[in-house]
Structure formats: structure tokens, C-alpha cells
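Residues in the sequence shown are numbered consecutively from 31, following my numbering. Don't be surprised by glycine CBs; every beta carbon is placed ideally from N, CA and C.
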Amino acid sequence: MSLWQRPLKKLQAIAFNRTYRFRLNSLKGFVSLFLVGTVLSVALAACSGGTASNSSTEAPAASPAAASNKDVELTLVSFAVTKAAHEAIIPKFVEQWKKDHNQTVTFKQSYGGSGSQTRAIIDGLEADVVHLALAGDTSKIEKAGLIQPGWEKEVPNNGIVSKSVAALVTRSGNPKGIKNWEDLAKDGVKLITANPKTSGVAKWNFLALWDSVIKTGGDEAKATEFVTKVYKNVPVLPKDAREATDTFAKQGQGDVLINYENEVILAQQKGEKVEYVVPDVNISIDNPIAVVDKNVDKHGTREVAEGFVKYLYTPEAQQEFVKLGFRPVDETIAQTKEVTDKFPKVKTLGTVADLGGWEAIDKKFFAEGGVFDKIQAQK
31 MSLWQRPLKK LQAIAFNRTY RFRLNSLKGF VSLFLVGTVL SVALAACSGG
81 TASNSSTEAP AASPAAASNK DVELTLVSFA VTKAAHEAII PKFVEQWKKD
131 HNQTVTFKQS YGGSGSQTRA IIDGLEADVV HLALAGDTSK IEKAGLIQPG
181 WEKEVPNNGI VSKSVAALVT RSGNPKGIKN WEDLAKDGVK LITANPKTSG
231 VAKWNFLALW DSVIKTGGDE AKATEFVTKV YKNVPVLPKD AREATDTFAK
281 QGQGDVLINY ENEVILAQQK GEKVEYVVPD VNISIDNPIA VVDKNVDKHG
331 TREVAEGFVK YLYTPEAQQE FVKLGFRPVD ETIAQTKEVT DKFPKVKTLG
381 TVADLGGWEA IDKKFFAEGG VFDKIQAQK
């Protein structure tokens, strides 16, 4: 017993003898006994350093290692045609992350039209990672304050993780003799393409048509004339690429459909008989990936989200994109025999940069009163 505890014990005994004389059945005696006991308990705890109290009432803080091993859920929001690729890639990433970090990652996934997905995120869909049809949509999320400026510099290839080109899908035997963009403006040809006001794919389709004139020596007047003729041959404007495909394939409308090359290849892999042409004057359909900074910081998922984005650039992930019809962004893979045999060579490939970038493109072509609206008004 310590020197501090001895006098304290003596005080406790004296206090007890005095309080024993109280009449316990009286309110005054009960209250006095209670107060004395409370004071002595506090004094004992103070003299002994309070260790007993701390060990019994406070849970120890979790170690950083334990916190880092906690299971994580990521929300991936992407445009519709990437679904098959991500479903092949995600299990590989989950396995690798578990091996390297001893942490289990699960995914919530959402697929739809790029424009619709963009609006959903801005309106509150808490995506951790976004993989969209065009950088212009990602920029809209940035302007809404959800993604920090410079996102495209955080990863290779200016944030472009998958790419494709435009393909012309025809009826069996190609009865209309569709070989290139010019054939779409002919009388009697019905074209199915989505609405560029709602679909990222449809924006690419429009730009491919426009750029086919510019890249072959035409000026903007000739491009406007040509694209106007083509859209006069468009009977309906479905809201997105998936609906456009259904309109052509399931409803039997139209003679030709503009679609991503990767979608056509995927359909063939599923056993569908699809005939198509890849025009040798084309546009590089570039699809960006980005971490949604505001959401990953809110969810505590930044490390895993950034790890997933980086994984999509690895040869393992890029090969999965190739298997499902996307052209690789990795130039080493692009030169392999598998790739050169799989994809028709494009002689002249335009880019968004050639047309001034997405901000200028949206303002010129797709804003209210822009080129597309004027073309539609002439139908």
C-alpha cells in the first residue's frame, strides 16, 4: 500500500463509522451516505491515476493498419458500351488488390448514356470513378466542382483509357452498297443514329460525318451541306446508342446504323451475324477515366479509386479491352499481331483536338441554336 493510500484508507474508515450512526431509513441519512461514498471513490481514483476507469470505459483506437484493411466499396459510373469490359476487368483488379493490400474491394456499377450519367452525377449520384464517352462530359463534372482541375494529367494518355472508331453496320448482304460516309447521303438510304443532344456516342457520330468532309479537303460550307443531307435520311433519333441499336436490330428500322466498332465486334462475339464497314477516314473515339475527388474524399476511397484507375492502363486490363473490341491506348499492345489482325487499318484518323476541343465543339455544334439545331430545322 502506498504512502498516499494509507491515510486515505484511514479517512475512509472514520467516515464510514460516522455515517453508520445515521438513520438509514431517513432521507437525510441516505443522502449523506451517498455523498460521502462518492467523494471517497473520486479521491481513490485520483490517487491511483484513474487507470482502472480508463481500461473499463474507453475502447482503444483502431490502428492505421487495421483501418487500411477495412473492406471498401467503390461506385463506378460508366457509359453503356463499357459494361462487358469492366465486368471482365474488375475481378482481376479485386484479386490483385487483395493480394497487394490484404483488402477486399467490391463494386457498385452503373451503365447508361454518357450524357445521362453525367447529369446523374452532377445531380447527386455519388460515383467514385467515372468512365465516360467523351472528355467533354467529364469536364462538366469538373465544372460542377466534383472533380479537381488537371484530372487528365493524373494518369497516362491525358486520361483516355479506352478508344474506338465509328463503324457502319449494314443489313445482310449490304443491299444498299454502303462503303463509306458519302453513301449515307444518297437518296433512299435510311440511317439510324442516336440524338447528340442526349448521347455521347451520337456526338461522335456527328463529328465523324463532319470531319470526313474536312479531312478530304472540304470546307465548313461543304461539311454543313453534307451533314444536312445525311440527317434528312435519319427517320428517328433514339436517346442513346443502346436504343439506336435496338431500333436497327430489333425493330428492323433503317438500312445502316452508325455505332462504335467495339459494339459491333462484341455483338459478333455473342454469335450475332453483323456486317459492317469501317471507313478509312474516321475519328478517334476517346473515352476518359477520372476519379471524382469530392466523392472519394467523402467516402474515404481515394487510394482504392486511384489504384483502380491506374490498373486500367496495365497490359492486363488493356488486353481485356482489346478482347471486347476496344482499340488499345497502349502503343506496345497496338503493334501486336493480335491487334493488327483484329482491327481494320484507318488511313486518316481525326481527333477532337483537330476540331478545337470539346468546349468549342459543344458550343459550335450542340448548344441551343448550334449547327445541329440548324440542320434539324431544315428537315
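Proximity winner among the options, relative to residue i (alpha-carbon distances)
i	options	result
D217	V264, N187 and F109	V264
V376	E291, Y343 and L342	E291
F256	G175, S229, A320 and I405	I405
P318	W181, D101 and K129	W181
L237	K409, G380 and N187	G380
E103	T331, A397, Y341 and Q365	T331
V311	H131, N188 and E212	E212
D384	S314, F338, G282 and E156	S314
S202	D285, K409, N188 and S108	D285
K209	V308, S242 and V159	V308
N225	N187, S146 and K173	S146
T148	E336, Q408, T344 and A320	A320
Q299	Q408, V369, V326 and A114	A114
D327	D130, E125 and Q178	Q178
I452	Q408, A174 and Y341	What the structure shows of the chain is the stretch from 31 to 409, and residue 452 is not part of that stretch, so it cannot be assessed.
N187	T112, Q365, L176 and V339	V339
For residue i, the first and last residue of its enclosing alpha helix (DSSP H)
i	result
F402	V401 to A407
S169	A165 to K173
Y290	From DSSP, Y290 is part of no alpha helix (DSSP H) but of the beta strand (DSSP E) over V286 to Y290.
F278	A271 to A279
S5	Lying before the first or after the last residue shown, residue 5 is absent from the chain, which here runs from 31 to 409.
A251	E250 to K262
D123	Strictly speaking, residue 123 in this sequence is Phe, with Asp absent from that position. Per DSSP, F123 belongs to the alpha helix (DSSP H) from K113 to H131.
V369	K367 to K372
T331	Unbroken run through T331: none, as it is neither H nor E.
W388	W388 to I391
Under 9 Å between C-beta atoms of residue i and residue j
i	j	result
A279	L267	no
V191	H161	yes
A274	T223	yes
F137	A347	no
G355	E293	yes
T105	L155	yes
A232	Y306	no
Y343	D360	yes
F351	I119	yes
D158	N325	yes
R357	V107	no
Start-to-end residues for the beta strand (DSSP E) that takes in residue i
i	result
Y343	Y343 -> no beta strand (DSSP E), and no H or E assigned at all.
E103	V102 to F109
K138	V135 to G142
Contact set for residue i: own chain, Cβ-Cβ below 8 Å, skip 5 residues either direction
i	result
N55	The predicted model places N55 with a pLDDT of 43, which falls under 50 and marks its position as unreliable, so this point remains unresolved.
A215	F256, K259, V260 and N263
V69	Residue confidence is low: V69 scores 38 on pLDDT, short of 50, so the model does not pin down where it sits. Its coordinate-derived value is still stated next. Excluding sequence neighbours, V69 sits near nothing in its chain.
W388	L164, A165, G166, S169 and V382
Beta-bridge pairing of residue i - partner residues as DSSP gives them
i	result
E305	T200
D316	K193
H161	S108 and I319
V311	T378
I222	L287
R357	K193
Contacts around residue i, its chain only, beta-carbon distance under 7 Å, and the 5 residues preceding and following it disregarded
i	result
A110	Y141, G142, G143, D270, A271 and R272
K394	G400 and V401
K128	T134
I244	A253
D392	G166
Residues near residue i by beta carbon distance below 6 Å, same chain, minus five either side
i	result
P94	At P94, the pLDDT of 38 sits below 50, so the modelled position is not reliable and the matter cannot be decided from this model.
D403	none
W234	I315
S242	W211 and V311
V61	At V61, the pLDDT of 36 sits below 50, so the modelled position is not reliable and the matter cannot be decided from this model.
K409	K262
Within-9 Å CB hit, residue i to chain C
i	result
A279	Within the model displayed, chain C is absent; a lone protein chain is all it includes.
Check: residue i C-beta below 8 Å from any heavy atom of the ligand MG
i	result
V102	Summarising the ligand content, the structure contains no ligands, and the ligand MG is consequently not present.
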